[in-house]
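Participant: Sequential numbering of the sequence shown, starting at 10, is according to my numbering. The C-beta atom is built at its ideal place from N, Cα and C for all residues, glycine as well.
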Amino acid sequence: MVYAVDFPENLFWINTKEPLTIEKLKGHVILLDFWTYCCINCIHVLEDLKWLEEKYKDEPFVVVGVHSAKFDNEKDIDNIRSAVARYNIRHPVLVDNDHILWNIYGINAWPSFILIDTEGDIIGKASGEGIRNALDREISKALEKGRKAGTIAKNKIEIVFDEWEESLLSFPGKIDIDSKNKHLFISDSNHNRILQVQLEKDDKGKILAIIGSGREGLRDGTFEDAEFKKPQGVVYRDKKLYVADTDNHAIREIDLKNKTVKTIAGKGIQGYMRQFSGDAKQVALNSPWDIAPDKEYLYIAMAGNHQIWRMEIKSGIIENFAGSGVENIVDGKAYMAALAQPSGLDIDDKRLYFADSEVSALRYVDLRTEEVKTLLGKGLFIFGRLNGNFENALLQHPLGLDAVENKVYIVDTYNHAIRVADLEKRKLTTLIYQPIKGICKIDDKECNMLSLYEPNDVVHFENKLYIADTNNHLIRVFDLNSRELKDLIIK
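#1: What does a CB cutoff of less than 7 angstroms around residue 207 pick up in its chain, not counting 5 residues either side in sequence?
#2: Determine contact between the region 385-400 and the region 265-278, defined as no fewer than three beta-carbon pairs at a distance below 8 angstroms.
#3: With C-beta atoms as the reference, is residue 347 less than 8 angstroms away from residue 339?
#4: Three or more C-beta pairs closer than 8 angstroms, one from the region 165-173 and one from the region 92-99: is that the case here?
#5: Output the distance between the C-alpha atoms of residue 62 and residue 138, rounded to the nearest integer angstrom.
#6: Leaving out five residues on either side along the sequence, give the residues of the same chain with a beta carbon under 8 angstroms from the beta carbon of residue 491.
#7: Counting pairs of Cβ atoms below 8 angstroms between the region 350-366 and the region 406-424, do you hit three or more?
#8: For the region 180-190 against the region 150-167, are there 3 or more C-beta pairs whose distance is under 8 angstroms?
#9: Select from 159, 107, 70 and 57 the residue whose C-alpha is nearest the C-alpha of residue 85.
#10: In whole angstroms, give me the CA-to-CA distance for residue 232 and residue 162.
#11: Helix, strand or coil: which one does DSSP assign to residue 14?
#12: Please name the residue in 272, 262, 186 and 242 whose C-alpha comes closest to that of residue 227.
#13: Quick one: residues in its chain with C-beta nearer than 8 angstroms to the C-beta of residue 373, no 5 flanking neighbours on either side, listed in chain order?
#14: Rounded to whole angstroms, what is the Cα-Cα separation between residue 281 and residue 489?
#15: Using CA atoms only, rank isn't needed, just tell me which of 95, 175, 263 and 37 is closest to residue 153.
#16: I'd like the span of the beta strand (DSSP E) that includes residue 166, first residue to last.
#17: Which term fits residue 23, buried or exposed, when burial requires 16 or more other beta carbons within 10 angstroms of its beta carbon?
#18: Where does residue 437 land, buried or exposed, given buried means 16+ other C-beta within 10 angstroms?
#19: Confirm, please, whether the CB-CB distance from residue 292 to residue 235 is below 8 angstroms.
#20: Is it true that the CB of residue 441 sits closer than 8 angstroms to the CB of residue 494?
#21: Please name the residue, chosen from 326, 324, 321 and 317, that lies closest to residue 345 on a Cα-to-Cα basis.
#22: Using the rule of at least 16 other Cβ atoms within 10 Å of the residue's Cβ for burial, across every protein chain shown, is residue 175 buried or exposed?
#23: Alpha carbon to alpha carbon, how far is residue 136 from residue 471?
#24: For residue 323, which residues in the same chain have their Cβ closer than 7 angstroms to its Cβ, ignoring the five residues on either side in sequence?
#25: May I ask you to report which of helix, strand or coil DSSP gives residue 225?
#26: Taking the alpha carbon of residue 47 as the point to measure from, which residue in 29, 67 and 91 has its own alpha carbon closest?
#27: Measure the Cβ-Cβ separation of residue 297 and residue 341 and say whether it is below 8 angstroms.
#28: Residue range of the beta strand (DSSP E) that residue 352 falls in?
#29: Beta-carbon within less than 7 angstroms of residue 299's beta-carbon, same chain only, minus the 5 sequence neighbours each way: which residues are those?
#30: In its own chain, which residues sit with a C-beta less than 7 angstroms from the C-beta of residue 396, not counting the 5 before and 5 after it?
#31: Tell me whether the beta-carbon of residue 129 lies closer than 8 angstroms to the beta-carbon of residue 26.
#32: Identify the continuous beta strand (DSSP E) that holds residue 209 and give its terminal residues.
#33: Does the Cβ-Cβ distance between residue 30 and residue 79 come in under 8 angstroms?
#34: Got a sec: is the Cβ-Cβ distance from residue 204 to anything in chain B below 8 angstroms?
#35: The alpha helix (DSSP H) spanning residue 92 covers which residue range?
#36: For residue 21, I'd like the list of residues in its chain whose CB is within less than 7 angstroms of its CB, leaving aside the five on either flank, ordered along the chain.
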């Protein structure tokens, strides 16, 4: 057997009152989870880890997350702490920014796992999704072996979680506006609900309806009874609201007149099918993240499959549309192209624009020729914050966008910025960016605008930008005339 390497000293820990060591955890079965919070596969695996933690809650078994960042933004302690809160992670997390433990264990993919027995020996190594049952079997065997050998801990180590303050919104994801009635729709993701807000003057809003009970689940019915699970994309069309109910792997339809919610696509479980054409309610989807409609279809950013699907609204037939399922940046015919975790959509008469987050790209599908083309973006590990011609400009993990005439407003999430792609000049500029960390007030002489914190979505309306400022748990309003960024005060 090979003895587990101890955790490097002087690294930061989250969700524990003191640094852990292999010696402190001796007598426990330890599962190391190497992850990074941008990674959709890592997000999927968190559900398996929660299942294992619940099953063995009374046993000396502990998961230790080892956060080994891909993007520069993911190396910030506060950003990692926010991700831990967003995904309700209740186990200790070690911040391995320099990939020290990653390299020692020879890890080369997210997510990856190392299993350690009660004596501190490494007994298993694996990577990828869909291995919950295999991990379960090996954990059970290791606990039983420890009991027989007398090496198992008598008492499970106490884990002290970080506490987070509650607010009206909790990690708001996507937004949309009914321009006729001036209604703003907000996916209040971590509260498992959708808010309908009447926009008023002076950057104020009044809640008209709370859609969803707030309980985590998949349940149709009235606004009060319906259940969602970490919803993201919302889009308004013909007095109905369509929702990408991400962690339910489902598409929901909200009838605003009759105040009801129903599931129109997905089976409520994660699927891995890359090619499908048929009844939308008979296929398991894979982390739908955003939606964009035209007169005939709902286009769905299927982040978990690295694809875009489309559903015919009238017939309920759904099919894969763009992306082979291979994670990369390759243009060409829609069904052959390679995408990388598409997370934001918008549409005009000729193009379906998408924020392709893992390749830090702005891309589109030509709806006439059904070809994928890249405007900005170079590869899985090429990112930054650089303005200029499309050929040279860089983004960092964008999650949302809004196309307005010859411009695309891009939510450059990991740069905490709003960027503007001018389609005629083929240039990228920065509209909102505050390099000073922390909240910056408008009347502060050192600041000309308030900072954003990992924003997720943007909508243009009446010469203002409405922004889902996700990690600040706010909706912000940027006036394109005065260049002021304010909080939307919701009553």
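Facilitator: Answer, in terms of the structure:
#1: Locating residue 207 in the sequence shown gives position 198, where the first residue counts as 1. Once the five neighbours on either side are set aside, the close Cβ partners of residue 207 are 191, 192, 214, 215 and 217.
#2: no
#3: Along the sequence shown, read from residue 1 onward, the residue named residue 347 stands at position 338. Along the sequence shown, read from residue 1 onward, the residue named residue 339 stands at position 330. Against a cut-off of 8 angstroms, the Cβ pair of residue 339 and residue 347 comes out as a contact.
#4: yes
#5: Indexing the sequence shown from 1 puts residue 62 at position 53. Indexing the sequence shown from 1 puts residue 138 at position 129. Spanning the two alpha carbons is a distance of roughly 17 angstroms.
#6: Residue numbering aside, residue 491 sits at position 482 when the sequence shown is read from its first letter. Excluding positions up to five away in sequence, the list is empty.
#7: yes
#8: no
#9: Taking the sequence shown and counting its residues from 1, one reaches residue 85 at position 76. The option with the nearest alpha carbon to residue 85 is 107.
#10: Within the sequence shown, numbered from 1, the residue matching residue 232 stands at position 223. Within the sequence shown, numbered from 1, the residue matching residue 162 stands at position 153. Cα to Cα, residue 232 sits roughly 48 angstroms from residue 162.
#11: Numbered from its first residue, the sequence shown carries residue 14 at position 5. In this structure, residue 14 counts as coil in the three-state DSSP scheme.
#12: What you label residue 227 is simply residue 218 of the sequence shown in a count that begins at 1. For residue 227, the nearest C-alpha among the options comes from 272.
#13: Taking the first residue of the sequence shown as 1, we reach residue 373 at position 364. Answer for residue 373: 360, 361, 362, 363, 381, 382 and 384, listed in chain order.
#14: Taking the sequence shown and counting its residues from 1, one reaches residue 281 at position 272. Taking the sequence shown and counting its residues from 1, one reaches residue 489 at position 480. Their Cα atoms are separated by approximately 42 angstroms.
#15: Here residue 153 refers to the residue found at position 144 of the sequence shown. Of 95, 175, 263 and 37, the residue nearest in Cα terms is 37.
#16: Numbered from its first residue, the sequence shown carries residue 166 at position 157. Careful: residue 166 lies outside any beta strand (DSSP E) and carries neither H nor E.
#17: Taking the sequence shown and counting its residues from 1, one reaches residue 23 at position 14. Under this definition residue 23 is a buried residue.
#18: Translated into positions along the sequence shown, residue 437 becomes position 428. Classification of residue 437: buried, given that the 10 Å Cβ count is 16 or more.
#19: As a position in the sequence shown, residue 235 is number 226, starting the count at 1. As a position in the sequence shown, residue 292 is number 283, starting the count at 1. The answer is no: Cβ separation not under 8 angstroms.
#20: On the sequence shown, residue 494 is found 485 positions in, with the first residue counted as 1. On the sequence shown, residue 441 is found 432 positions in, with the first residue counted as 1. Yes, the pair counts as a contact, with Cβ atoms nearer than the cut-off.
#21: If you number the sequence shown from 1, residue 345 lands on position 336. Of the listed residues, the one whose Cα sits closest to residue 345 is 317.
#22: The residue labelled residue 175 in the question sits at position 166 within the sequence shown. Result: exposed.
#23: Indexing the sequence shown from 1 puts residue 136 at position 127. Indexing the sequence shown from 1 puts residue 471 at position 462. So the two alpha carbons sit approximately 48 angstroms from each other.
#24: Sequence index remark: in the sequence shown, residue 323 carries index 314 (1-based). If we look at residue 323 and ignore the five residues flanking it on each side, it has no Cβ neighbours.
#25: Residue mapping note: residue 225 aligns to position 216 of the sequence shown, counting from 1. Correct three-state label for residue 225: strand.
#26: As a first step, residue 47 must be located in the sequence shown, where it is residue number 38. The residue with the shortest Cα to Cα distance from residue 47 is 91.
#27: As a working note, residue 297 is residue 288 in the sequence shown. As a working note, residue 341 is residue 332 in the sequence shown. Result no, Cβ atoms of residue 297 and residue 341 do not sit closer than 8 angstroms.
#28: Taking the sequence shown and counting its residues from 1, one reaches residue 352 at position 343. It spans 351-356 - the beta strand (DSSP E) in which residue 352 sits, taken as one unbroken run.
#29: Translated into positions along the sequence shown, residue 299 becomes position 290. Answer for residue 299: 183, 241, 242, 253, 310, 352, 353 and 354, listed in chain order.
#30: For the purposes of this step, residue 396 is identified with residue 387 of the sequence shown, where counting begins at 1. Answer for residue 396: 402, 437, 438 and 439, listed in chain order.
#31: The residue you call residue 129 lines up with position 120 of the sequence shown. The residue you call residue 26 lines up with position 17 of the sequence shown. No. Outside cutoff.
#32: Position 200 of the sequence shown, counted from the first residue, corresponds to residue 209. 202-209 is the span of the beta strand (DSSP E), which, as asked, contains residue 209.
#33: Position 21 of the sequence shown holds residue 30. Position 70 of the sequence shown holds residue 79. No.
#34: Included in the structure is just one protein chain, with no chain B present.
#35: The sequence position of residue 92 within the sequence shown is 83, counting from 1. It spans 86-95 - the alpha helix (DSSP H) in which residue 92 sits, taken as one unbroken run.
#36: Within the sequence shown, the letter at position 12 stands for residue 21. 86 and 104, listed in sequence order.
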